[in-house]
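The structure appears below as structure tokens.
Protein chains: 2
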Amino acid sequence: MTPRDQHAEGPGGTADSAAPPKRSDAERNRGRIIAAARAIFRRDGLNASMASVAREAEVGIATLFRHFPTKEELVVAVFTCRMEAYAQATEEALADPDPWNGFTGYIREVCAMQAADRGFADILTMSFPGAQALEERRAQAYQGFLELIRRAKDSGQLREDFTSRDLVLLLMANTGVLSATGDAAPDAWRRLVAWMIQSFQAPARGPLPDPPEDAALFEAMRRASHCVTSPETAKRR
Amino acid sequence: MTPRDQHAEGPGGTADSAAPPKRSDAERNRGRIIAAARAIFRRDGLNASMASVAREAEVGIATLFRHFPTKEELVVAVFTCRMEAYAQATEEALADPDPWNGFTGYIREVCAMQAADRGFADILTMSFPGAQALEERRAQAYQGFLELIRRAKDSGQLREDFTSRDLVLLLMANTGVLSATGDAAPDAWRRLVAWMIQSFQAPARGPLPDPPEDAALFEAMRRASHCVTSPETAKRR
Chain A
497 MTPRDQHAEG PGGTADSAAP PKRSDAERNR GRIIAAARAI FRRDGLNASM ASVAREAEVG
557 IATLFRHFPT KEELVVAVFT CRMEAYAQAT EEALADPDPW NGFTGYIREV CAMQAADRGF
617 ADILTMSFPG AQALEERRAQ AYQGFLELIR RAKDSGQLRE DFTSRDLVLL LMANTGVLSA
677 TGDAAPDAWR RLVAWMIQSF QAPARGPLPD PPEDAALFEA MRRASHCVTS PETAKRR
Chain B
497 MTPRDQHAEG PGGTADSAAP PKRSDAERNR GRIIAAARAI FRRDGLNASM ASVAREAEVG
557 IATLFRHFPT KEELVVAVFT CRMEAYAQAT EEALADPDPW NGFTGYIREV CAMQAADRGF
617 ADILTMSFPG AQALEERRAQ AYQGFLELIR RAKDSGQLRE DFTSRDLVLL LMANTGVLSA
677 TGDAAPDAWR RLVAWMIQSF QAPARGPLPD PPEDAALFEA MRRASHCVTS PETAKRR
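Set out below in structure tokens:
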């Protein structure tokens, strides 16, 4: 709970004047907003507007902004738990006794998470430097993934030139397939992921162009998050 | 030239009333609109609005709609020539004496076309059943690509389970990387394409999930084109 929850209006819109609102109204509105945002972001991705979330939650736009003054705060409230699950997936993969199974199972799992939720798919290829809890979980997942890579290379099953940035590339590519195919071909992404995993397998079939630098990829992820952090800029483009 | 070009107003906006406009005004406006649309679509993809094209062309929105009553007509006017080049690329690839070089060179070339023009990248994964000239060139490119596939399989260098739909998947995936990385990591797509091409190479490293059906992929491409054929629907989502 944050201080601004105390100021939320009742559903009838009569609360702001005399008696302080019942706390349960604020809680109920907050819960409805988060549930609505989860559904809308899952279906439409993070480009979905705050207005569409308010409509789905059946609250006024003023109530929505009172609970979440920025879209970024709403996005963080909705997805921090998903990011926790994302971090836990590396732990489970590391528990697999076969390093290649652990590595490939993790990649399939993350791509499946993308397929199940367009909002989370966006989150995975964006960066929110201001959202500490969310970024800490992403960093934790990253450390776990580095360990998965190391194990799979040590066992000789993963190409030496694979880097963690290749997972970011795959996530970006998967987002492209998911948003282009949608309901019309909902399993198409599985084939993309299978092609990529077979290519990751050692031995290398040939040299590859260098991956993008970490800094460049981070900059791309930061810019992509502008549809959340600067909605007006995103709309004008 | 179409009949409606005869009715275009002069740039001063005085022409609609008395004297018929000079034909050169209409031609000049049409040329400016196409050049502006080409630049805007290249940078922003086909989601760019008609209003932004009119602004860039420095013509009124009424003039734009007089030349191109629908966004689809404008898109087709801008991209039919690019689709011609796309079809010719298969001819050139078929002239390569090495079937694998021809096949892989073509894939790299098409992905490079996507990277150079976000609008054309969209076109490649959309379908416009109403735009006959454009779709005929796409069909011609498709026939050429089938021949490239056949040659590369006959020479034993391409996996037997590769299908033309895998190129569509790659184009969708590449669009995802291009739109996520943009200027921040402008060469990242080359690495994605290299991973995929190495995986296409025979012998197969393992089985793959089935590719999407032709009909499903076509339906996905047709739906994707709605941002052009039904702009209002696209905006509401």
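Same order as they appear, the protein sequences are chains A and B. Plus 496 on top of the position in the first sequence (first one is 1) and you've got this note's numbering. Plus 496 on top of the position in the second sequence (first one is 1) and you've got this note's numbering. Glycine included, C-beta positions come from ideal geometry on N, C-alpha and C.
With H, G and I counted as helix, E and B as strand and the rest as coil, what does DSSP make of residue 697 (chain B)? Look at residue 697 (chain B) here: in three-state DSSP terms it is strand.
Are any of the Cβ atoms in chain B nearer than 7 Å to that of residue 595 (chain A)? False, the Cβ-Cβ gap to chain B never drops below 7 Å.
Beta-carbon separation of residue 607 (chain A) and residue 689 (chain A) under 7 Å? Cβ atoms of residue 607 (chain A) and residue 689 (chain A): closer than 7 Å.
Is any beta-carbon of chain B found at less than 7 Å from that of residue 713 (chain A)? Judged by the 7 Å Cβ criterion, residue 713 (chain A) is in contact with chain B.
Could you round the C-beta distance between residue 600 (chain B) and residue 668 (chain B) to whole angstroms and report it? I think they count as a contact, below 8 Å. Not confirmed; about 19 Å, so no contact.
By Cβ distance, which residues of its chain are closer than 6 Å to residue 666 (chain B), with the 5 residues on each side in sequence left out? Cβ-Cβ distances below 6 Å link residue 666 (chain B) to 692 in the same chain, with the five nearest sequence neighbours on each side left out; the list follows chain order.
Applying a beta-carbon distance threshold of less than 7 Å, which residues of chain B neighbour residue 697 (chain A)? Neighbourhood of residue 697 (chain A) in chain B, by CB distance below 7 Å: 701, in chain order.
Member of A:604, A:623 and A:637 whose CA lies at the smallest distance from the CA of residue 582 (chain A): Comparing C-alpha distances from residue 582 (chain A) to each of A:604, A:623 and A:637 shows the shortest one belongs to A:637.
Just how far apart, CA to CA, sit residue 521 (chain B) and residue 538 (chain A)? Straight-line Cα distance between these residues: approximately 49 Å.
So the candidates are A:588, A:545 and A:713; which of them puts its Cα closest to the Cα of residue 661 (chain A)? Measuring from the Cα of residue 661 (chain A), the nearest candidate turns out to be A:713.
Limits of the unbroken alpha helix (DSSP H) element including residue 646 (chain A): Per DSSP, the unbroken alpha helix (DSSP H) holding residue 646 (chain A) starts and ends at 628 to 650.
Coarse secondary structure for residue 542 (chain B), derived from DSSP in three states: In the three-state reduction of the DSSP assignment, residue 542 (chain B) falls in the coil class.
For residue 692 (chain B) and chain A, any beta-carbon pair shorter than 7 Å? Chain A, which has a Cβ nearer than 7 Å to the Cβ of residue 692 (chain B), makes this yes.
Are at least three pairs of beta-carbons, each pair with one atom in the segment 586 to 601 of chain B and one in the segment 624 to 643 of chain B, less than 8 Å apart? Here the segment 586 to 601 of chain B lies against the segment 624 to 643 of chain B, with 3 or more beta-carbon pairs under 8 Å apart.
Just checking: is the beta-carbon of residue 598 (chain B) within a distance shorter than 7 Å of some beta-carbon in chain A? No, residue 598 (chain B) does not count as interfacial toward chain A.
Proximal residues of chain A, C-beta to C-beta of residue 612 (chain B) below 7 Å: For residue 612 (chain B), none of the residues of chain A pass the 7 Å Cβ criterion, the least Cβ distance being about 17 Å.
Please check if any C-beta of chain B sits within less than 7 Å of the C-beta of residue 727 (chain A). Note that residue 727 (chain A) scores a pLDDT of 49, beneath 50, so its modelled location is shaky and nothing firm can be said.
Can at least three beta-carbon pairs, one atom from the segment 692 to 702 of chain A and one from the segment 692 to 706 of chain B, be found at a separation below 8 Å? A contact exists between the segment 692 to 702 of chain A and the segment 692 to 706 of chain B.
Interface residues of chain A facing residue 673 (chain B) [CB-CB closer than 8 Å]: Chain A residues near residue 673 (chain B): 665, 668, 669 and 672.
Residue 574 (chain B) classed as buried or exposed, judged by whether at least 16 other C-beta atoms fall within 10 angstroms: Result: buried.
With a cut-off of 7 Å, does the C-beta of residue 533 (chain B) fall near any C-beta of chain A? No, residue 533 (chain B) does not count as interfacial toward chain A.
Residue-chain proximity (residue 687 (chain B), chain A), Cβ-Cβ < 7 Å: Residue-level contact check: residue 687 (chain B) touches chain A, since one or more beta carbons of chain A fall below 7 Å from its beta carbon.
In the DSSP output, what is residue 654 (chain A) paired with across the bridge? Looking at the DSSP output, residue 654 (chain A) shares a beta bridge with A:697.
Quick check on residue 731 (chain A) - is its C-beta less than 7 Å from some C-beta in chain B? Here the model assigns residue 731 (chain A) a pLDDT of 37, short of 50, so the residue's position is not dependable and the matter cannot be decided.
Give me the Cα-Cα distance between residue 718 (chain A) and residue 674 (chain A), rounded to the nearest whole angstrom. Looking at the backbone, the Cα of residue 718 (chain A) and that of residue 674 (chain A) are separated by about 21 Å.
For residue 633 (chain A), does the count of other Cβ atoms within 10 angstroms reach 16, so buried, or fall short, so exposed? Buried.
4 or more residues per run - each alpha helix (DSSP H) lying fully within the segment 669 to 720 of chain A: Considered as a whole, the segment 669 to 720 of chain A harbours 684 to 696 and 710 to 720 as its complete alpha helix (DSSP H) runs of no fewer than 4 residues, in chain order.
Helix, strand or coil at residue 723 (chain A) according to DSSP, with G and I counted as helix: If DSSP states are grouped into helix, strand and coil, residue 723 (chain A) belongs with the helices.
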